[in-house]
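Down below is the structure, laid out as structure tokens.
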Ligand code: ARG
């Protein structure tokens, strides 16, 4: 008979069972469910609601189930609907009817809320670990390539040269914000829902504070309806996941571009690339492509959960069971993505030779020529026009700005002198951008020091 079978006289339809059961995906909550139940059972005894012997027997039984679960020796039944009722059924099989006392002053509604809080707390911590790993990989890549200059783009058109380290560090700042967001989510999770019971609290003299303390929560939900209905912390977790994936996806897009023959900036290590079943020459950036591709499902999960919640009356509704698969999948998608990208970054090779020739025929020093004229007194707008003409002249001649004779430049603007050739090389262009947060090596070194402080690397 079902745990709730008392008022029913007919068996549940098989399809109804399958449709409503969540054991297939909530079984991963088992370790949290057991830890929560142990804290609850202990509190029931210290509050005088059950005897110490009863509590001992329940706790021993629960610990045994956890051990056997970890050894893969527990069998779950679809008819028991979810992880909570499976655990209770197994406990009853093992310790007899005293198991029935565990659910005193508790409902699955506050029980599942507690389980999800504990799971989400670990999930947020795992995400923070992953984010930090990738931060470190990027910081190390920045340091290792502090001398490498690459084209910087706007509209994916060459704009101005930048340090590759500067580019890597831009991603580190995104990840620093991601970490901060996750710590905010952890703070939001830090409220203990158990004791709300079904929705209205309980008639028993429980101590919610004791349970919270044992389980490492520093605050309680102060409204029982809110405690069983709140899923905001899961929205927060999903938002953090979605934002991380946005950042990863942008990085991945760049890794895909950079590893192409056309860019030729990097080569992925063999261990982090895959081949083609037909074209023997291929080495494909599957990992960055898949991370980019998986970003959509994480976005999807946040919309799903918002939609589940938007029309729900208080308090618990079965719709809330739909909170799980999406967040589980989001975390299962983001955690390995962070680890894989850290590995990709750590093992890829930057093609320094090829990059050192990248500026042979480009015009990404044009702004610097305009700035040169401004320093000689020309208003910036006029300087812009002069350089525009010089770019056009150089294209006509099949060269770049440094390839124009001094006389050719002076024909467009007599303010130009021999020293113009000093501001044109990419190294000079880089070094000149020493404003705070800029790409000059001096500014990037300062930035690196700040970043290392944020990432706990200094
Ligand atoms: N499996 C359920 C869920 O995940 C647990 C809570 C069930 N509560 C209830 N009253 N049916 O939401």
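Numbering (this note's numbering), first residue to last: 571 to 1028.
No residue lacks a Cβ here, since even glycine has one placed at the ideal position from N, Cα and C.
- Less than 8 angstroms divides the Cβ of residue 629 from the Cβ of residue 608.
- Burial is judged here by how many other beta carbons sit within 10 angstroms of a residue's own beta carbon; residue 586 has fewer than 16 and is exposed.
- The continuous beta strand (DSSP E) containing residue 719 extends over residues 719-724.
- Apart from sequence neighbours up to five positions away, the residues of its chain that approach residue 954 with a beta-carbon distance below 7 angstroms are 940, ordered along the chain.
- In the three-state scheme derived from DSSP, where H, G and I count as helix and E and B as strand, residue 815 is classed as helix.
- Residues of the same chain with a CB within less than 8 angstroms of the CB of residue 934, apart from the 5 flanking positions on each side, are 721, 722, 728, 729, 730, 731, 996 and 999 in chain order.
- Around the Cβ of residue 959, a 10 Å sphere holds fewer than 16 other Cβ atoms; the residue is exposed.
- It is roughly 13 angstroms from the alpha-carbon of residue 971 to the alpha-carbon of residue 942.
- For residue 654, the shortest separation between its Cβ and any heavy atom of ligand 1 lies below 7 angstroms.
- Residue burial annotation: residue 902 is exposed, with fewer than 16 other C-beta atoms found within 10 angstroms of its C-beta.
- A heavy atom of ligand 1 is found nearer than 7 angstroms to the CB of residue 894.
- Looking from the CA of residue 696, the closest CA among 841, 665, 922 and 908 belongs to 908.
- Taken through DSSP and simplified to helix, strand or coil, residue 731 comes out as strand.
- In this structure residue 765 is buried. Its beta-carbon is surrounded by 16 or more other beta-carbon atoms within 10 angstroms.
- C-alpha of residue 654 to C-alpha of residue 1026: approximately 40 angstroms in a straight line.
- The segment 757-771 makes contact with the segment 675-691, as at least three CB pairs between them are under 8 angstroms.
- Taking 8 angstroms as the cut-off, the beta carbon of residue 600 is found closer than this to the beta carbon of residue 657.
- Note that the segment 860-872 touches the segment 813-833; at least 3 beta-carbon pairs, one per stretch, sit closer than 8 angstroms.
- When the Cα atoms are used, residue 938 and residue 863 turn out to be separated by approximately 39 angstroms.
- Between the beta-carbon of residue 591 and that of residue 648 there is about 5 angstroms, and that keeps the pair under the 8 angstroms contact cut.
- Counting other Cβ atoms within 10 Å of its Cβ, residue 787 reaches 16 or more and is therefore classed as buried.
- With a cut-off of 8 angstroms on Cβ pairs, the segment 854-863 is not in contact with the segment 885-893, counting fewer than three such pairs.
- By the C-beta density criterion, residue 652 is buried, having at least 16 other C-beta atoms within 10 angstroms.
- Sequence-distant Cβ neighbours of residue 738 in its own chain, meaning closer than 7 angstroms and more than five residues away, are 708, 711 and 712.
- When the five nearest sequence neighbours on each side are left out, the beta carbons in the same chain lying within less than 8 angstroms of the beta carbon of residue 948 are those of 956, 983 and 985, in order along the chain.
- Residue 592 has its Cβ nearer than 7 angstroms to a heavy atom of ligand 1.
- Residue 762 sits in a strand when the DSSP states are folded into three classes.
- For residue 917, the closest alpha carbon among the candidates 839, 641, 978 and 980 is that of 839.
- Closest option to residue 692, judged by alpha-carbon separation, among 572, 675 and 757: 757.
- For the pair residue 928 and residue 837, the Cα-to-Cα distance works out to about 16 angstroms.
- Look at residue 886: its beta carbon is less than 7 angstroms from one of the heavy atoms in ligand 1.
- Residue burial annotation: residue 589 is exposed, with fewer than 16 other C-beta atoms found within 10 angstroms of its C-beta.
- By the criterion of a C-beta distance shorter than 6 angstroms, residue 632 is surrounded in its chain by 604, 607 and 608, once the five residues flanking it on both sides are discounted.
- Comparing alpha-carbon positions, the option among 669, 580, 578 and 594 lying closest to residue 620 turns out to be 669.
- Only residues of its own chain outside the window of five on either side were considered, and among them 755 and 758 have a CB closer than 6 angstroms to the CB of residue 806, listed in chain order.
- For residue 664, the CB contacts under 8 angstroms within the same chain, skipping 5 residues up- and downstream, are 631, 634 and 635 in chain order.
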